[in-house]
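See structure below.
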Amino acid sequence: MVAKKMYFMDCHLAGRKYHDADEVWEQLKVGTVLKLERDKENRTDANAVMVVYQDKDGEEFKLGYIPRGENETIASLLEMGWTDIFECRISQLDPDAHPENQVHLTIRIVRNKNNEKEA
Numbered sequence: 006m007v008a009k010k011m012y013f014m015d016c017h018l019a020g021r022k023y024h025d026a027d028e029v030w031e032q033l034k035v036g037t038v039l040k041l042e043r044d045k046e047n048r049t050d051a052n053a054v055m056v057v058y059q060d061k062d063g064e065e066f067k068l069g070y071i072p073r074g075e076n077e078t079i080a081s082l083l084e085m086g087w088t089d090i091f092e093c094r095i096s097q098l099d100p101d102a103h104p105e106n107q108v109h110l111t112i113r114i115v116r117n118k119n120n121e122k123e124a
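Everything in the sequence shown is counted per this note's numbering, starting at 6 for the first residue and increasing by one.
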C-alpha cells in the first residue's frame, strides 16, 4: 500500500499571542487543518511562513508562524509554487502553557495526485 502522506516535522506555533488565535480559540481542536502561506512582507524573518485558520464561513485568521530556523525548506517550496504540498494540523493544544507552547503543529507532505497511479 502506498502512503498518501509522509511525516515532515513537528513544531510549536510561534508568535501566537501577537495574532488572531484568541479570536478563534474555541474553534481550534486537535486535528484542525491549517494553511501555510508565505509572508514575503515580514521584515524580521526572510523565510516567514504564516499559519492560517479558515473558519466555516471562509474567513481567515492569522494564528502565527512556523518558527524561525525551522521554516527555510517550507518557505522555499511555497515560493516555488508547491502550495498544496503540505498538510498542517494542530497536534496539541494547551491553554495553560506559555503562549509559545500552547499550540503544536504536525506538518506532513501530501502525495502528488498526478503520481498516485504510478506509485
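Note that CB positions come from ideal geometry on N, CA and C, so glycine has one too.
Please specify which runs of the beta strand (DSSP E), each continuous and at least 3 residues long, are wholly inside the segment 79-108, giving them in chain order. 91-98
On the three-state DSSP scale, how would you describe R113? strand
Rounded to a whole number of angstroms, what is the C-alpha to C-alpha distance between I90 and K118? 10 Å
Whole angstroms are fine: how far does the CA of K22 sit from the CA of V36? Note on identity: in this sequence residue 36 is Gly, with Val being the wrong assignment. Cα to Cα, the separation comes out at about 21 Å.
Option in G86, N52, D99 with minimal Cα separation from I71: N52
Length at least 4, wholly inside the segment 13-71: the alpha helix (DSSP H) runs in chain order: 26-29
Which whole-angstrom value describes the C-beta separation of E75 and K10, a residue pair presumed to lie in contact below a C-beta threshold of 8 Å? Going by Cβ atoms, the distance from E75 to K10 rounds to 19 Å, so no, they are not a contact pair.
Out of curiosity, what's the CA-to-CA distance linking L82 and G63? 25 Å
State the Cα-Cα distance for the pair T78 and W87, rounded to the nearest angstrom. 11 Å
Is the separation between the beta-carbon of V57 and that of K34 shorter than 8 Å? no
Is the distance from the Cβ of D25 to the Cβ of K67 below 8 Å? yes
Output yes if chain E places a C-beta closer than 8 Å to the C-beta of K10; else output no. Checking the listed chains, one finds no chain E in this structure; it contains a single protein chain.
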